[in-house]
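Novice: Going by mature numbering (1 follows the signal peptide of the UniProt record, and there is no 0), the letters in the sequence shown line up with residues -18 to -1, 1 to 246, in that order. Note that beta-carbon positions come from the ideal geometry of N, C-alpha and C, so glycine has one too.
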Amino acid sequence: MTLFALLLFGMQLLCSRAVSPPAEKPPPLLHSLACNDSAVEAAADLALSQINANQREGYVLSLYRIFSVQEHPQEITGSVFYLTLDVVETECHVLSRKLWKDCKNRADHETVFGQCKAILYINKPRRIVHLYSYECTLQPVPSSSIVRLCPDCPTPGCPTEPKYLEAAVVSLDKFNKESKEAHLFSVLNVTKASMQWVIGPAHFVEFIIQETSCSKNESIAEVSNCKPLSPELAHTGLCKGSVVKSQVDHHQFVSIACEIYDPQ
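See the structure below:
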């Protein structure tokens, strides 16, 4: 009798195990979201705005497309977003502190494109937005593509080449003579360079300038000898200049346009 009871109890356990529903799987930690979701677009805007705000060199990046996004809801409140964003470079330098939506994208032959991967925490109830980490990779449009798409467009050059620094110095000299700024400015570094043959060699440059201690009223032979003002006092700026050396009348044509920024 005892043996029969044990066998019966064992069969009940087997039957019970056979009919029990499978245990529910825990919900996934990461949820894939639609890229056109309004919350996703807001997260992408916040992430890219903080990425741009963190930069001290280069140009403001603009959102071209949200490539992918995943959300990790937190236990109490808020979410962590894992974003992959396709971006393009704008004409605004990061020193301008302009928002990417207020900046103009570059012309096709000047396009620099890439991708940013960012991890962003958003807590709406507590009004917290924190960019944990990010990584951006950028590359210009290949020269071969530029020649094919726009044969007459300027071809990119290396900004560190002496001829482009010379073009920046020559064009900045025109700015220093014509501007109403109190102090002279010097070239900090050349950020973009290109060349084109028009009526002779034409060099186009974009470069950063910094305010010096030399007054505009002083007679200075070389602005490069002027000491820069301290960062908390110095204005900076982004200049776009060109120097065209005519092979027809051997005249040099210089143009310059600068945007001046308040001390950082």
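What's the gap between the Cα of tyrosine 114 and the Cα of valine 62?
Specialist: Their backbone Cα atoms lie some 9 Å apart in a straight line.
Novice: Can you give the beta carbon distance from glutamate 188 to leucine 220, rounded, assuming they're within the 8 Å contact cut?
Specialist: That pair is a contact at about 7 Å.
Novice: Out of Lys227, Tyr116 and Glu163, which has the shortest C-alpha to C-alpha gap to cysteine 240?
Specialist: It is Glu163.
Novice: Would you check if there are 3 or more beta carbon pairs closer than 8 Å linking the stretch 116 to 129 to the stretch 194 to 205?
Specialist: No, the stretch 116 to 129 is not in contact with the stretch 194 to 205.
Novice: For proline 213, which three-state DSSP category applies?
Specialist: Coil, per DSSP.
Novice: Valine 225 and valine 180: beta carbons closer than 8 Å?
Specialist: Cβ atoms of valine 225 and valine 180: not closer than 8 Å.
Novice: With DSSP collapsed to three states, give me the class of aspartate 27.
Specialist: In the structure shown, aspartate 27 sits in a helix (DSSP, three-state: H, G or I).
Novice: At 3 residues or longer, and completely inside the stretch 163 to 231: list those beta strand (DSSP E) runs for me, N to C.
Specialist: The qualifying runs are 165 to 179, 183 to 197 and 218 to 227.
Novice: Helix, strand or coil, according to DSSP, for asparagine 87 in the structure here?
Specialist: Strand at asparagine 87.
Novice: From the DSSP output, which residues share a beta bridge with leucine 147?
Specialist: In DSSP, leucine 147 forms no bridge with anything.
Novice: On a Cα-Cα basis, can you pick out the residue from Lys86, Gln178 and His54 that is closest to serine 228?
Specialist: Taking only the C-alpha atoms, the option nearest serine 228 is Gln178.
Novice: So does the stretch 29 to 39 actually touch the stretch 48 to 62, counting three or more Cβ pairs closer than 8 Å?
Specialist: Because the criterion of three Cβ pairs below 8 Å is not met, the stretch 29 to 39 and the stretch 48 to 62 do not touch.
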